[in-house]
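Novice: Listed in order, the protein sequences are those of chains W and A. Residue numbers for the first sequence follow our numbering, beginning at 1 and rising by one. Residue numbers for the second sequence follow our numbering, beginning at 1 and rising by one. Even for Gly, the Cβ is constructed at its ideal location relative to N, Cα and C. First the structure, then my questions, so here it is.
Number of protein chains: 2
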Amino acid sequence: MRAVDLIRKKRDGGELTAPELAWLVAGLRDKSVPEYQWSALLMAIVWRGMTDAETAALTDAMTRSGEVVNLNGIPGLKVDKHSTGGVGDKTSLILAPIAAAVGVPVPMVSGRGLGHTGGTLDKLESIPGFRVNLSLDEYKRVLEHCGLVLIGQTAEIAPADKILYALRDATATVEAVPLIAASIMSKKLAEGIDGLVLDVKTGDGAFMQAYSDSKLLAETMCAIGRRLGKRMRALITRMDQPLGYAVGNSVEVVESVACLRGDGPEDLVDLSVELAAEMVLMAEKASSIEEARGLCRRAIADGSALERLRLVVEAQGGDPTALDDPERLPCPARHVEVVAPSTGYVGRLRARPIGQATVLLGAGRDRVVSQIDHAVNVILFKKLGDHVHAGETLATIGINNAARLDEALQLVRDAFTITREPPSIPPLILERI
Amino acid sequence: MRAVDLIRKKRDGGELTAPELAWLVAGLRDKSVPEYQWSALLMAIVWRGMTDAETAALTDAMTRSGEVVNLNGIPGLKVDKHSTGGVGDKTSLILAPIAAAVGVPVPMVSGRGLGHTGGTLDKLESIPGFRVNLSLDEYKRVLEHCGLVLIGQTAEIAPADKILYALRDATATVEAVPLIAASIMSKKLAEGIDGLVLDVKTGDGAFMQAYSDSKLLAETMCAIGRRLGKRMRALITRMDQPLGYAVGNSVEVVESVACLRGDGPEDLVDLSVELAAEMVLMAEKASSIEEARGLCRRAIADGSALERLRLVVEAQGGDPTALDDPERLPCPARHVEVVAPSTGYVGRLRARPIGQATVLLGAGRDRVVSQIDHAVNVILFKKLGDHVHAGETLATIGINNAARLDEALQLVRDAFTITREPPSIPPLILERI
Chain W
1 MRAVDLIRKK RDGGELTAPE LAWLVAGLRD KSVPEYQWSA LLMAIVWRGM
51 TDAETAALTD AMTRSGEVVN LNGIPGLKVD KHSTGGVGDK TSLILAPIAA
101 AVGVPVPMVS GRGLGHTGGT LDKLESIPGF RVNLSLDEYK RVLEHCGLVL
151 IGQTAEIAPA DKILYALRDA TATVEAVPLI AASIMSKKLA EGIDGLVLDV
201 KTGDGAFMQA YSDSKLLAET MCAIGRRLGK RMRALITRMD QPLGYAVGNS
251 VEVVESVACL RGDGPEDLVD LSVELAAEMV LMAEKASSIE EARGLCRRAI
301 ADGSALERLR LVVEAQGGDP TALDDPERLP CPARHVEVVA PSTGYVGRLR
351 ARPIGQATVL LGAGRDRVVS QIDHAVNVIL FKKLGDHVHA GETLATIGIN
401 NAARLDEALQ LVRDAFTITR EPPSIPPLIL ERI
Chain A
1 MRAVDLIRKK RDGGELTAPE LAWLVAGLRD KSVPEYQWSA LLMAIVWRGM
51 TDAETAALTD AMTRSGEVVN LNGIPGLKVD KHSTGGVGDK TSLILAPIAA
101 AVGVPVPMVS GRGLGHTGGT LDKLESIPGF RVNLSLDEYK RVLEHCGLVL
151 IGQTAEIAPA DKILYALRDA TATVEAVPLI AASIMSKKLA EGIDGLVLDV
201 KTGDGAFMQA YSDSKLLAET MCAIGRRLGK RMRALITRMD QPLGYAVGNS
251 VEVVESVACL RGDGPEDLVD LSVELAAEMV LMAEKASSIE EARGLCRRAI
301 ADGSALERLR LVVEAQGGDP TALDDPERLP CPARHVEVVA PSTGYVGRLR
351 ARPIGQATVL LGAGRDRVVS QIDHAVNVIL FKKLGDHVHA GETLATIGIN
401 NAARLDEALQ LVRDAFTITR EPPSIPPLIL ERI
């Protein structure tokens with residue numbers, strides 16, 4: 001096989017075979033196919049696209065570039081959830097303990113904040129002592145002991161994806177659905193899961209802002225997973241305004257615990273329960289989605305879900321008392337208010353500038369190596385459709401230093417649009433695939 | 001400027017500016033823009049194409065990546081010719097001395113054989129002692145002394161093209177008209193010429209087999225040259241059967257000398273005179289193409305063109321007596337005949353398999369480093385439209401060893417199609433641009 005012939009084939013709109021893609025990915029790893037050939041291929045893929053068969057084969061090759069965890073020793077169908085990323089999206093911290101409490105083993109490998117969005121790992125690390133980097137042995141042990149485990153991607157998982165991701169970033173070949181889908185799925189499939197529930201975001205605060213793009217991504221990921229023998233389900237959900245009221249790291253842990261106590265914000269609880277119910281159904285712990293929902297709500301009501309979170313925090317080295325006492329979590333030195341400029345309704349609330357404001361203040365990363373400030377946050381006091389009086393608090397910004405406060409204030413102010421008439425509130429869940 | 005932003009711009013169909021292209025080419029040279037970014041850009045160019053302004057700017061940047069020869073010290077308009085490559089195409093050896101004899105300074109930088117086509121440098125090197133690698137000083141001196149000079153591309157000329165060409169070859173991005181045009185033109189513009197006559201081949205033996213592709217390439221090269229202040233003229237000519245009767249290296253020198261003596265084959269003489277006449281007209285040595293043609297024919301008839309060839313061969317270290325005595329040139333050990341399988345007309349004669357046969361026998365290169373056998377050849381005895389009797393010689397193959405003779409014989413045999421009716425003979429020159 002010659003890489004140039006395979007590039008030509010894709011350039012001319014042909015379909016690469018599974019052995020060809022496996023050979024190319026192996027060549028990427030051992031450097032026998034140089035990066036300049038891969039980047040030409042990537043651009044040809046952006047141009048010509050990939051069939052579902054090609055995308056699945058690429059995913060499989062990327063998965064097999066590293067260790068594939070074997071969880072056969074743990075009984076039951078192992079199910080994870082993946083979100084394409086949003087602002088205030090802390091559903092993982094809520095639904096993983098819920099599904100585990102209902103009896104679904106949840107081996108969850110999460111990511112860090114990217115761009116304007118937050119990352120589950122960053123949120124977890126705001127809990128004192130919590131370790132997200134476990135060995136594969138510990139990973140299995142915690143899953144067995146707690147029914148769930150919450151870790152970051154290890155170096156052994158899908159190393160080809162790491163190389164490809166850096167190359168895509170440098171060559172303007174990030175925004176291609178087959179490449180995005182293969183990147184996400186290759187990591188998920190290495191976890192040893194039997195099924196995956198996807199939360200594909202759409203709208204202002206999502207990476208895919210157009211509905212059609214989000215839908216295509218959801219369909220592509222489901223097609224990949226199913227071709228590779230996994231149970232798949234995707235919900236396309238709105239990410240126009242942040243989920244819940246809390247945006248930041250430690251403050252999102254606090255809000256997640258509130259949900260598990262039964263007093264969380266409705267949108268966040270509803271979405272978390274819905275995703276958890278899909279996991280429960282997928283793992284055959286219920287025979288209908290209604291029954292699954294009921295089991296999930298009960299796991300909140302009877303405290304068993306919160307107990308699971310406490311258990312896993314302790315198992316991964318974290319201080320479980322921090323879940324009961326928010327003062328044990330990093331808190332910002334002071335809060336600055338953003339008030340309503342006029343009386344009316346919150347006619348629009350954009351998630352993206354809110355996310356950007358928190359990143360600016362240190363909650364996220366400009367570069368991979370940046371240090372995170374777990375304390376900074378934006379707390380919303382009003383959400384879409386709420387009535388406000390001029391001068392009333394719309395949001396507070398929690399900071400440790402005022403370095404980029406003005407920019408952050410401007411972003412949060414601009415995120416709100418006050419209108420005379422109440423807006424219509426669109427449904428949170430748009431479609432199931 | 002960031003390379004990734006420029007790649008994205010081209011990926012999305014945007015137009016790169018001259019400063020952006022100059023920055024990218026400079027980055028290719030000093031490695032600040034890595035090859036993997038350039039190869040993604042190349043594929044985006046294959047996809048999106050380039051405007052004439054972009055192609056001219058890219059060409060200019062590539063030209064300026066190396067030395068640009070200053071020939072202002074030599075009086076008159078300097079004109080070169082470039083052919084896109086064919087089989088039996090030895091017009092350079094004929095027209096350069098003709099144009100020089102009429103008073104046009106001809107600074108000619110030629111290439112080596114590529115694929116199934118022959119190269120002017122390989123043909124020249126079959127003359128004992130002939131040196132194609134001159135210093136830039138020698139280049140100017142020979143041009144001044146002889147009125148023409150025949151050299152190969154030096155390392156100082158358009159080095160960015162060398163890097164880009166290797167990268168295109170490895171990434172399936174060769175076949176894009178703007179990139180082909182920029183590659184050819186960047187080298188030609190570095191020679192210090194005022195004008196360029198292009199012989200763009202079309203048909204079976206050409207790289208661009210489709211007429212529309214050949215025309216687009218001709219138009220693109222003319223547009224680049226004119227934007228960069230050069231006089232440009234392109235002839236689109238048929239390359240279906242070989243030009244003349246001789247295909248090989250030393251044998252093409254012999255046929256070229258025959259043309260300059262006045263007894264060359266009609267197609268070859270006509271095309272050489274036509275291209276030389278365009279050069280004469282471009283250099284303002286005649287006021288009409290008819291007058292230019294007359295001057296060129298006279299330079300053959302009075303022996304002045306042949307005298308020029310003798311002069312330049314001597315100036316570049318070659319043995320001028322080899323032009324009069326073909327036995328001083330490399331000759332093959334033996335000849336093998338290909339005979340007509342039936343009586344009729346040569347209804348089709350394909351140039352490509354004839355070229356492939358000579359390359360197979362050693363007249364051309366599989367790889368850049370291969371050694372050339374200047375003696376091997378295919379000599380045609382019959383051409384398109386000729387009547388033949390069964391058993392009559394169609395061609396001979398001149399070889400030094402029989403290693404790949406069977407394959408070569410098969411190729412030459414298959415190149416001929418004998419038909420009952422005489423074919424129509426299409427014109428050689430199809431269009432002038």
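(1) With a cut-off of 8 Å on the beta carbons, I'd call A:L260 and A:I379 a contact; round off their distance for me.
(2) Less than 9 Å between the C-beta atoms of W:I418 and W:G344, yes or no?
(3) Given a cut-off of 9 Å on the beta-carbon distance, is the pair A:S110 and A:T117 in contact?
(4) By the three-class DSSP mapping on this structure, what secondary structure does A:V4 have?
(5) For A:P341, I'd like the list of residues in its chain whose CB is within less than 7 Å of its CB, leaving aside the five on either flank, ordered along the chain.
(6) Residues in its own chain within less than 6 Å of W:V106 by CB, not counting five upstream and five downstream?
(7) Give me the Cβ distance between A:P326 and A:V254, rounded to the nearest whole Å; I'm assuming they're in contact under 8 Å.
(8) Given A:S304, which residues of its chain have a CB within under 6 Å of its CB, disregarding the five upstream and five downstream residues?
(9) To the nearest angstrom, how far is the alpha carbon of W:S287 from that of W:L295?
(10) Give every residue of the same chain whose Cβ lies closer than 6 Å to the Cβ of A:M43, excluding the five residues on either side of it in the sequence, and list them in chain order.
(11) If you draw a straight line from the alpha carbon of A:S256 to that of A:A292, how long is it in whole angstroms?
(12) On the criterion of 16 or more Cβ atoms from any shown chain inside 10 Å, does A:I45 qualify as buried, or is it exposed?
(13) I'd like to know if the region 229–237 of chain W and the region 126–135 of chain W are in contact, where contact means that at least 3 CB-CB pairs between them fall below 8 Å.
(14) With a threshold of 6 Å on Cβ separation, who are the neighbours of A:D122 within its own chain once the five nearest residues in sequence on each side are excluded?
(15) Tell me the DSSP secondary structure of W:Y345 in three-state form.
(16) Would you tell me roughly how many angstroms separate the C-alpha atoms of W:E20 and W:V4, rounded to the nearest one?
(17) Using a Cβ-Cβ cut-off of 9 Å, state whether W:Q37 counts as contacting chain B.
(18) What number of angstroms, rounded off, separates the C-alpha of A:E67 from the C-alpha of A:L309?
(19) Distance check for W:E35 and A:M1, CA to CA, integer angstroms please.
(20) Does the region 142–162 of chain W touch the region 310–330 of chain W, meaning 3 or more C-beta pairs lie closer than 8 Å?
(21) Is the distance from the Cβ of W:R11 to the Cβ of W:W38 below 9 Å?
(22) For A:V197, which residues in the same chain have their Cβ closer than 6 Å to its Cβ, ignoring the five residues on either side in sequence?
(23) Rounded to a whole number of angstroms, what is the C-alpha to C-alpha distance between W:V338 and W:V251?
(24) Using the beta-carbon of each residue, which ones in chain A are nearer than 7 Å to W:L42?
(25) Roughly how many angstroms lie between the CA atoms of A:A415 and A:R238, to the nearest whole one?
(26) Can you tell me which of the three DSSP states W:E431 falls into?
(27) Measuring alpha carbon to alpha carbon, tell me which residue in A:I429, A:E15, A:L77 and A:E54 is nearest A:D270.
(28) Is the beta carbon of A:D60 less than 9 Å from the beta carbon of A:L189?
(29) DSSP three-state call for W:D80: helix, strand or coil?
(30) Taking the alpha-carbon positions, what's the W:F207 to A:V87 distance?
(31) The alpha helix (DSSP H) spanning A:I236 covers which residue range?
(32) Hey, how far is the Cα of A:A136 from the Cα of A:A155?
(33) For A:R420, count the other beta carbons within 10 Å of its own beta carbon; 16 or more makes it buried, fewer makes it exposed. Which is it?
(34) Give a yes or no on whether 9 Å exceeds the smallest Cβ distance from A:P159 to chain W.
(35) Chain A partners of W:I7, CB-CB under 7 Å?
(36) Does W:D517 come out as helix, strand or coil in the three-state DSSP assignment?
Specialist: In this structure, then:
(1) In fact, because the Cβ distance is near 19 Å, the residues do not count as touching under 8 Å.
(2) yes
(3) no
(4) helix
(5) A390 and I418
(6) A96, A99, A100 and L148
(7) 5 Å
(8) A101
(9) 11 Å
(10) T173
(11) 20 Å
(12) buried
(13) no
(14) R112, G113, N249 and I372
(15) strand
(16) 12 Å
(17) Given the protein chain composition of this structure (W and A), no chain B is represented.
(18) 27 Å
(19) 22 Å
(20) yes
(21) no
(22) K81, R233, L275, E278 and M279
(23) 18 Å
(24) A40
(25) 16 Å
(26) strand
(27) A:I429
(28) yes
(29) strand
(30) 55 Å
(31) From DSSP, A:I236 is part of no alpha helix (DSSP H) but of the beta strand (DSSP E) over R231 to R238.
(32) Ala is not the amino acid found at residue 136 of chain A; the sequence shown has Leu there. In a straight line, the C-alpha of A:L136 is about 11 Å away from that of A:A155.
(33) exposed
(34) no
(35) T171 and A172
(36) Because residue 517 of chain W is not part of the residues shown, which for chain W are 1 to 433, the question remains open.
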